[in-house]
Each structure stands twice: as C-alpha cells, then as structure tokens.
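Heads up, the thing below is written out as structure tokens.
Chains as they are written, first to last, in the working numbering: chain A, 1 to 233; chain B, 234 to 784.
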C-alpha cells in the first residue's frame, strides 16, 4: 500500500511540475470578443426564419482581424442577421454587422458555407451594402447568393403569418455586380460572345441549366480562362 | 521509510527547481550594437536575431534593457519584423561614466527569460564618474577595455570588403558583401564605425567567472504576447481574491475595454496584440467593496546585483573617448529636439459598446453647472433615479420602451461605478456624450446600455479614480526609429563628424553579392566594417574589414 502511495505521490508531483513548466508562454486570455446586440426571437410565424433550423458551429472573422472559432450560429433570412449564442452569458445575440467581415457554417462533412458582408455597389433593393451573402464561387467572376425570406401576412384571422423563402443570385466582375436568375440562360445576357462556348461546355459535362451546382461549376470553369469571357453588363 | 522520505523530499526539491532561472548566455540570440563606446545622452541602436526561431515558430516579442547594478536604466519591448528585432534605446543624460549591462531576452517555452548580454561602456560628458571610481577600489572588479573587444572573423561563408584600404574623407565607399548560400541567417547586421587609432592590448579580457551576477529570480514569466499580469489581494489580510472580474482601460476617444478574472491565486492576465508607445492604463476590479489592492507584476527580470567591471583609466582619458564626447556635443548642438511620439499602426474605430446615433455635444447648448443638470436638460433618454440616498442612472430604450437600470457609465472610456462620480462635470468640461440604449455584449461582458462621457481634456483626470483601481504608465511595443546616420547631414553647413558611418539590419534572404555605398564623414581615422549574424542552427558568421580615412 505504501509503495502505491509513494508512486502516486511521485507521479502527481511530476505532473504538477510538468504543468508548471508547460504553463506556456502564451498568457491565458479571453477568446475573441464578439460584438452583439440582444436578439429578439421572431414569434407568431409559420415556418423557420433561419437558413438552418438548428444551431450550427461557425467561424466568425471580425473586421479587426480576430477570428472566433466554433461559435453556435444561425442565419436569420428575414432580417439578414447573423445570430450567435454567447456561451459565457448564456444569451443569444445578433452580431453587430459593422464588426463582421465574414463567417463560415462549419459542416461536419467539410462542406463549409462561406458568407461575407457585401461591400460592392448596390443592386436595386435586392442587394444592399452590408448584406450578408453566401459565396458560391470567388474569383475574377464571383457568384454570390443572397438568402432571403419575406413574411406574407395571413388573410385568416386565426392563422399565423407565413415565411416565404427566396434566393437571389449575383455575378460580380470587377467592381460591377449584376443579378442573375438561377438559370444558365441568364448568364448568356452578360456574356453574349460566349454563348456557344458555354452551351458546348454544358453539353460536354451533362449539366442541367437550372441547378445551383451547375451554375457554380460554370462560373468555376469560366474563371479558369477569364480572359476569354467578356463581361457586358 | 526514512529513505523514502528523503527521496521524496529530494524529488520535490528538484521539481521546484525545474522552474529555471533566467539565462543570459543561451547562445540562441545574436545581438549587435551600432558601436562600442557611447556617451550619455546618445542612443544605442541594436538588432537581435534568434537562432532557433523556426522551432519556436511565432516567437514575436523581444525585451531589451540597459542595466546598472540593481537598477534598470532604460528598457524596450520589441515586435519582430522580417525575422529579426531592431530597436533603439536612449542612454539618459545623467548616466555616469561606467560599464553597464545591455540585455536582450525572450521567454523560452517555459516563460523563463533567455537571452544574451553585452557590456557597454558609457562616458559621461560632464565628468560624473563616482561609481566608476568606487568600483576601481572594490575587490574582484577589473577594467573593461572596450577597445580590445575586436570582432573575430568566422570564415569564408560571409565576406565584406572594399576596393582599397585608404579613402578620403567625404568620399563614397562602395563596400561589397558576399554571402554564401550556407549562411542562412534570418538577418545580418552591417556596421561601419570608427575605432581607436592604436588598439591597446595591455588590459586583460574578461574572465568568465567575473560575469555580472544576477539574483535567483524564478518568479518572472515572459509571455509571447504583450501581457499585463498582476494579483488582487485583500488590503488588510493580503489574502488573494479569487474569481474577481477586472477591467483594463486606456483613456481614449474610442473606448476599448479588456476583461479578465483572477484565478485561484488571485492572479490575472491581460493580453494584447499590437500596442505601441507609453499608455496611460487604468485597471480596476468590478467589485468596489471591500478594499483590495492590485499589484502589477514586473515584466523585466531583476537587474544584475553586481557588475564587476569599471572603465579603465586608459579608455576614459583616451583621445578617442575625448573625441567621442566632443562629437556627441556637436551632434546635440546641431540636432533639433524632437520629443518621442507614440507610434500607432492600429486604429480602433469602433467602441466596445457599439456605435450609436444618440450623441450630444454640450457646447452647442447653454452652459450647465453639473452633470445632474446636463442629464436633466440634454439627455432625454437618461434619468437619475434617487432612492434612499443612492443615485442610479437609468437609460430608456425608445424601441423596446424599457428602462435599463444598470447601464455602464464611462468617462473617456474608463468605467466608473456611479453616476455620482460625474456630478462634478460641467458643460465646459464635457466634449461629447454618447448614449447606447441597446442591450449588447462584448465577449463575456454584458452591457445593459451605456452612457459614455468624453471630457474636453480626454485623459480621465476630471473624475476621481474609482475604488479598487490603479493607474500607471505602461510601456508597450517600441517601433524602431529609422537610423539617420547613414547619410551626411542634409544641411551642408552642418559639420559631418559621424563616427558610425553605416548601421543597418539587413533582413534575409540575401543575394550572393550585395554592394552598399558608405558615405564617409569628415572625420579622419581608422574605421572597421563588420557584417555578421547567426544562422538558424546558432552558427556565427562574421566578416571584418578595416580601412582608413584621411584628408
């Protein structure tokens, strides 16, 4: 028994010493500090106002260059707000857009979804400055999507207002941003000189003309030889 | 049983001593100074590289200080730039003639200071040398002959040379620096400086056992980030205060705040990214009762207890030292005084409580005598609720139509515990008032509305320091000032008596051959070119070339 006691004592002392040694050269400090405003949960609506119904782990990059990792986040499509759960305060806040640069939904399968704060020129009422939009592809030609939901008032006195989700797609080339529909045909309008080329590529790759995946792949392909594609807004 | 007890005691002792003492001859650091002999009032320009910085990836802080016996004379905290650290340090005007210790160090993986040191000879222009004279009579002290500290050549991997060994004063000297690929130094120092005409050799080189003696200081911890550490203790019993929240603020027009908590030993740490210059810092605890003391831990290790060297009579009375004094006086006479300004590369543009549209400028209204009147007349969202002798600020949120009963009250970005602290502020003393009615968070800090007052002076001197708070000046990172002595004075009527013709830290990677044009001054005499550095494995590379300037 005494032997065990001594062994335990020596091992624990060694562990203590190691802890003392490996206390490291980085001072303990608070994690990246997020700026948030008290969030008021939407009530009395039929349907979910969020991009994902459940909380997702997210990575938030702030304008000051700091990064907050593994923050439970949600994206409110109605108000175009990033909502986060403050683990220390046990409260939900909406992120102050002035402080946000971008954020990622961390998908366990590795398919992260990157959202940025739009800072380019405004496209009518559809895309405003500081809107949070998803980046489908970033390059010489960029493809963005804005997830939006509008509230449709119910005619029935006893029914709740309905949430109607919609998505708007945008192409950005240089400083110019234009809205496109989720249809390859709408790309022809801005690249009239490349119509045949695009059609041929679609046929070769057996892609449908109305899917987001095809759209993204097309822009990816166009970015491999951007000099061949003349943007005519 | 007794054997086991002895073994355990021994083991515990060994474990205790595993917290190592500071080491100032680690061999990993390479330090180079711009010259050998300084005059009080001059600046020391220096550069440091760390040999094994690849293995210590992310090492970014270097500390430097100039020490006398039991006293740190001057200090700097440097940020890594281009794989090396470069800085300058003022030698105070009043520093006596003597031998001083210049240390550079960083924290090793345990946070223990590790670095290198250099003995520096300083001559006081006004003849103050009492301490130096005392040391001459002390047993164990020996003369330090700066003139005999000749840098050694290390081999062909690095080679510095000029086309000839004689040049005219005022001439441009093309110097060639050849660096072989094996000399993978992160940075090289390059200096061209004047040396005495005849180098003495009768004074002995220092013996190893006569190195400066340091105290056995195990308490110091050097972090790899700009850190303020301290301890909160009860004022009367000195027992540590656990789990207390502390605020760190710097009076500023765009308020920022740092929050931390004390651990079970009452110790707290605040870490920062890049802050430059001297900062006026206020640290306070969240609780204002009972009375606590906040003790700030030193960031510099203890200075040497003893420096067993003195400036030899031959050096002090030499014509070279005399010329150095005259040169320093001429330089001072022709150099306009420029006060040191705080550098800043980072601009905070957003207050921690968020931007607000509720901003009031009291100078646009009739003058009011105190802040109670200002609140009543100019701040429609705020009211002061008085109950049982306690004055409490409340902020109304126009959208939620609710009052916030415990908003944050700030003066120049520093939290104050009560609205009563502001009553002494009249309209002329207040420049701007911001009201944040939203409930917000900033990290783990919940802000239930905020009233932020900016005084005209902007330095938090118009209100009393809150209880359980300390205020002090904190020296953060120093940005190196560019060395201006590589060129002749711009004004041709100014005399050019530079003794250091060139000083620069050259960041790698290097081409095989470099040519550097050195502009000779009007001071004739012997000069030395030294180029050197250490590679990542700690191998020293150095090349020396001597030449003469004549009329």
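Glycine included, C-beta positions come from ideal geometry on N, C-alpha and C.
The secondary-structure analysis by DSSP pairs residue 93 of chain A across a beta bridge with A/38, A/84. A straight line joining the alpha-carbon of residue 508 of chain B with that of residue 430 of chain B spans about 45 Å.
Within chain B, no residue has its beta carbon less than 9 Å from that of residue 41 of chain A; the closest one is some 14 Å off. By the 16-neighbour rule on beta-carbons within 10 angstroms, residue 645 of chain B is buried. Distance from residue 144 of chain A to residue 170 of chain A at the Cβ level is roughly 5 Å; contact confirmed, criterion being Cβ atoms closer than 8 Å. In this structure, DSSP gives residue 157 of chain A a state outside helix and strand, which the three-state scheme calls coil. For residue 99 of chain A, no beta strand (DSSP E) segment is defined, and its DSSP state is neither H nor E. For residue 41 of chain A, the number of other beta carbons within 10 angstroms of its own is below 16, and it is reported as exposed. Every alpha helix (DSSP H) stretch that sits fully inside the segment 532-574 of chain B and reaches 4 residues is listed by chain position as 546-549, 552-567.
Scanning the segment 110-151 of chain A for uninterrupted beta strand (DSSP E) segments of 3 residues or longer gives 113-117, 132-137, listed from N- to C-terminal end.
Using a CB distance cut-off of 7 Å, residue 96 of chain A counts as an interface residue toward chain B. Taking CB atoms only, residue 38 of chain A has a neighbour in chain B less than 7 Å away.
For residue 216 of chain A, the enclosing alpha helix (DSSP H) begins and ends at 212-222. Taking C-beta atoms under 8 Å as the contact rule, residue 315 of chain B and residue 736 of chain B fail to qualify, at a distance of about 16 Å. For residue 99 of chain A, the neighbours in chain B by C-beta distance under 8 Å run, in chain order, 583. The C-alpha of residue 635 of chain B is placed about 11 Å away from the C-alpha of residue 681 of chain B. In the structure shown, residue 743 of chain B adopts coil according to DSSP, grouped into three states. Out of A/183, A/176, A/38, the CA that lies nearest to the CA of residue 124 of chain A is found in A/176. In the structure shown, residue 491 of chain B falls within a strand segment according to DSSP collapsed to helix, strand and coil. Rounded to whole angstroms, residue 535 of chain B and residue 453 of chain B show a C-alpha spacing of 9 Å.
86, 88, 89: these are the residues of the segment 67-90 of chain A whose beta carbon lies less than 7 Å from some beta carbon of chain B, given in chain order.
In the structure shown, the three-state DSSP call for residue 201 of chain A is helix. At a cut-off of 7 Å between beta-carbon atoms, residue 35 of chain A makes contact with chain B. Nearest CB-CB separation between residue 188 of chain A and chain B: not below the 7 Å threshold. Per DSSP, residue 658 of chain B lies in no beta strand (DSSP E) and is assigned neither H nor E. Within chain A, the residues 37, 38 have their CB atoms less than 8 Å from the CB of residue 672 of chain B, given in chain order. For the options B/337, B/356, B/280, the alpha carbon positioned closest to that of residue 560 of chain B is the one of B/356. Scanning chain B for C-beta atoms nearer than 9 Å to the C-beta of residue 103 of chain A yields nothing, as the closest lies near 16 Å away. Among the residues facing chain A, residue 284 of chain B is not included, as its CB has no counterpart in that chain under 7 Å away.
Within the DSSP secondary-structure output, residue 504 of chain B pairs in a beta bridge with B/460. Look at the beta carbons and you see the segment 412-427 of chain B touching the segment 761-772 of chain B: at least three pairs across the two are nearer than 8 Å. Within chain A, no C-beta atom comes less than 7 Å from the C-beta of residue 771 of chain B; the nearest is roughly 20 Å away. The segment 309-324 of chain B makes no contact with the segment 218-231 of chain A: fewer than 3 CB pairs, one atom from each, lie closer than 8 Å. If you draw a straight line from the Cα of residue 662 of chain B to the Cα of residue 541 of chain B, it comes to about 55 Å. Looking at the DSSP output, residue 465 of chain B shares a beta bridge with B/527.
Sixteen is the threshold: when 16 or more other Cβ atoms of the shown chains lie within 10 Å of the Cβ of residue 58 of chain A, as they do, the residue is buried.
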